[in-house]
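Here the UniProt record's numbering is used: position 158 in the sequence shown is 158, and no number is missing along the way.
Let me begin by presenting the structure, written as structure tokens, before commenting on it.
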Amino acid sequence: MSTYCEASCTRHRNTSTYCAPPGRNTSTYCAPREEYGAGGAPGRQGAGAENRSPGGGGRAYRRTVTVTAPTFRPPARLTPLRYLTALLRARPWVVVSAAVFGALWSLPGAALPIVAGKGVQAIADGDSAGIRLAVLLVLLLGLVQAGAGGGLSFSAHTLWIHGATGTQRAVAEHAAGLGATLRGAASTGDVVAISGADVNHIGNALEVLGRAFGSVLVFLGVGVVLLTTSPLLGLVALLGVPLAVLGVGPLLAPLQRRKAAQREQLTDVTSLGADIVSGLRVLRGIGGERRFLGRFRTASQRVRVAGGEVGRSEAWLAAAEVALPGLVTIAITWLGARLALDGAIGVGDLVAFYGASAFLVVPVGTAIEAANAISSGLVAARKPCAVLALRPALPEPDRPVDLPPGPLDLHDSATGITAVAGKLTVIDAGPDAEVLADRLTRFAEPDAGEHVLVGGVRADRVRLKELRSRVVHAHNQDLWFSGILGEQVAPDRVSGVTVAAALDAADAGDIVDALPDGVGELIGERGREVSGGQRQRLSLARALATDADVLVLDEPTSAVDAHTEARIIERVAELRRGRTTVVFSQSPLWTSQADDVVVRREVTP
1 MSTYCEASCT RHRNTSTYCA PPGRNTSTYC APREEYGAGG APGRQGAGAE NRSPGGGGRA
61 YRRTVTVTAP TFRPPARLTP LRYLTALLRA RPWVVVSAAV FGALWSLPGA ALPIVAGKGV
121 QAIADGDSAG IRLAVLLVLL LGLVQAGAGG GLSFSAHTLW IHGATGTQRA VAEHAAGLGA
181 TLRGAASTGD VVAISGADVN HIGNALEVLG RAFGSVLVFL GVGVVLLTTS PLLGLVALLG
241 VPLAVLGVGP LLAPLQRRKA AQREQLTDVT SLGADIVSGL RVLRGIGGER RFLGRFRTAS
301 QRVRVAGGEV GRSEAWLAAA EVALPGLVTI AITWLGARLA LDGAIGVGDL VAFYGASAFL
361 VVPVGTAIEA ANAISSGLVA ARKPCAVLAL RPALPEPDRP VDLPPGPLDL HDSATGITAV
421 AGKLTVIDAG PDAEVLADRL TRFAEPDAGE HVLVGGVRAD RVRLKELRSR VVHAHNQDLW
481 FSGILGEQVA PDRVSGVTVA AALDAADAGD IVDALPDGVG ELIGERGREV SGGQRQRLSL
541 ARALATDADV LVLDEPTSAV DAHTEARIIE RVAELRRGRT TVVFSQSPLW TSQADDVVVR
601 REVTP
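Below you can see the structure in the form of structure tokens.
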């Protein structure tokens, strides 16, 4: 069971906190609960408060979505084959039911030519009882196939959903745990392509297994019947059909290579498209749209060419799927006709052999389809395996230590800087501010022999989940995801600071007033609907809404004017009173409000 109880994004880091006790995998997403006073006045709230619209008296709401699915744990040693096997092991009974229904669905089709042959022979012999028996058997086979077809469809579709959503969930949870490591190790296109294309192929590889098992069983059953009726014809069928399947083999390897090449080209186009969209405003400013449009068209053409090569391989495969089994059918029919003329077999046996040989096209086609789907699934599983094989750059402690309750202080042994618990400390570290902030909040490890203390406990001995929930690092270039403003300011978090209080402290009330739906307005990715200064104030409000025991702010007011900055500093100092706040800034307005000021270099005049 994975219950997501908290998520925050600091700068380019997406840090999600979740607990995973053993048992059923249930993901519960809870929106924050905030409270606006009677006049919309901001303030702290109790744990049981509800979320109300500004101005008071508005409707209370709490959004909860629960998704239940079986637990899927990727294997420790990741390969595409091991990954697909682990998916199957997570749903053993569904796999078994798919195999059983696949067999029950395939066997009536294989038995129908034999029953029809017996019926024809009964007509030739004038056996009315045999005719009635054949009719009843045909009816029974139809009912069995109809019922088994429904069960097979349900089981196969369940396996497809399990393969697709299981992969999406595994990659999403692992990406959340990786944080900043993912950005440096994988491109945006890789992650997007997994959910956009790869999960479909992985689902298809699992979906076809039931029909593939039924096809193998049918082939063996038909072969046994043919051998008992006519050893020569049975031997031709048992040897000819496998040779027909093996004849398709040389076409699979080129198809797999071309699909892999097309997938890489598609990943490049996806990454380029994401980069263009994220930098569209800048491109328009410098007049670079045409150049990047040309690059995107060139990359798209490469994908089109690669897709054409894949299509040619698939066309040859489809032709072989019909031609090779067809040759086997022709051979069996010709040989059976000769045997019938010689009196070795009866007319009913000839009809049965012809029908059985024609039916063999179905299991052979299913086997080829399964080989193609599994081949594509193995190719598609490479990217999820690559992402799941990544490990966080910051290791978890072997013997974690809990942080003490209450306000926390920070101490860096390398610089001797100490941020007193419950105080506002302003640090002027110049160009080293970002490096020092990363070290204080353990987004980077200190050098050998050095350490950072949080509440008297070494930061590298605290669980990252606990550290991220109590020590928050907010940068003025933090990313914004697409979503409702109120939910963006307080994403899936219950804290003692309301959305209104955080927005008021960041002097962002005018931004909310200008939006048609206020805090209910949908803000696009990276906050493109607002200016840089407005986005910085909203980012500050989001950081304040965490109500963290330790809040580290890196140049939180660099993009606002002096009057706005003065109001923000005064309100932040009041809101954070009694909480540890560390601000990296060279602004004299911050130092005037600080309890402690640390200067690590000469301030540039």
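All C-beta atoms, glycine included, are put in the ideal place defined by N, C-alpha and C.
Just so you know, these numbers come straight off a predicted model, no measurement behind them.
Inspect the beta-carbon positions of residue i and residue j and report whether they are closer than 8 Å.
| i | j | result |
| --- | --- | --- |
| L327 | A337 | no |
| G509 | V499 | no |
| G527 | I484 | no |
| F101 | A148 | yes |
| V236 | A331 | yes |
| G179 | P431 | no |
| V192 | T270 | yes |
| V550 | R470 | yes |
| F584 | I374 | no |
| L324 | V218 | no |
| L226 | A356 | yes |
Could you check if residue i is buried or exposed, using at least 16 other CB atoms within 10 Å of its CB as the buried criterion?
| i | result |
| --- | --- |
| E321 | buried |
| S592 | exposed |
| residue 609 | Lying outside 1 to 605, the shown extent of the chain, residue 609 is not represented and no answer is given. |
| W590 | buried |
| D438 | buried |
| residue 639 | Missing from the structure shown is residue 639; the chain here goes from 1 to 605 and no further. |
| D402 | exposed |
| E450 | exposed |
| K383 | buried |
| G348 | buried |
| D447 | exposed |
| W480 | buried |
| R77 | exposed |
| W105 | buried |
| R258 | buried |
| H475 | buried |
| A419 | buried |
| S587 | buried |
| S539 | buried |
| I569 | buried |
Can you tell me which residues form a DSSP beta bridge with residue i?
| i | result |
| --- | --- |
| I484 | L522 |
| F292 | Answer is none; F292 lacks a bridge partner. |
| L453 | H411 and R458 |
| V472 | L551 |
| T580 | V550 |
| A419 | L410 |
Helix or strand or just coil, what does DSSP make of residue i?
| i | result |
| --- | --- |
| F72 | coil |
| L553 | strand |
| I286 | helix |
| T366 | helix |
| S103 | According to the sequence provided, residue 103 is Ala. The question's Ser does not apply to it. Helix. |
| I427 | strand |
| V135 | helix |
| R399 | coil |
| L360 | coil |
| V597 | strand |
| F443 | coil |
| R458 | strand |
| V236 | helix |
| G179 | coil |
| V120 | helix |
| S592 | helix |
| T298 | helix |
| A389 | coil |
| T79 | coil |
| Q536 | helix |
| G151 | helix |
| L515 | coil |
| G130 | helix |
| R528 | coil |
| I345 | coil |
Counting only beta-carbon atoms, is residue i nearer than 8 Å to chain B?
| i | result |
| --- | --- |
| T580 | Protein chain content of the structure displayed is limited to a single chain, and chain B is not contained in it. |
Just confirm the distance between the C-beta atoms of residue i and residue j, as a whole number of angstroms; I'd bet it's less than 8 Å.
| i | j | result |
| --- | --- | --- |
| L575 | L544 | 6 Å |
| G203 | A98 | About 13 Å; that fails the 8 Å criterion. |
| P400 | R463 | 5 Å |
| G130 | K118 | 7 Å |
| L182 | A175 | 5 Å |
| S230 | I345 | 6 Å |
| L424 | A573 | 6 Å |
| R577 | P407 | Not quite, the Cβ-Cβ distance comes to about 11 Å (not below 8 Å), so this is no contact. |
| G533 | V560 | 5 Å |
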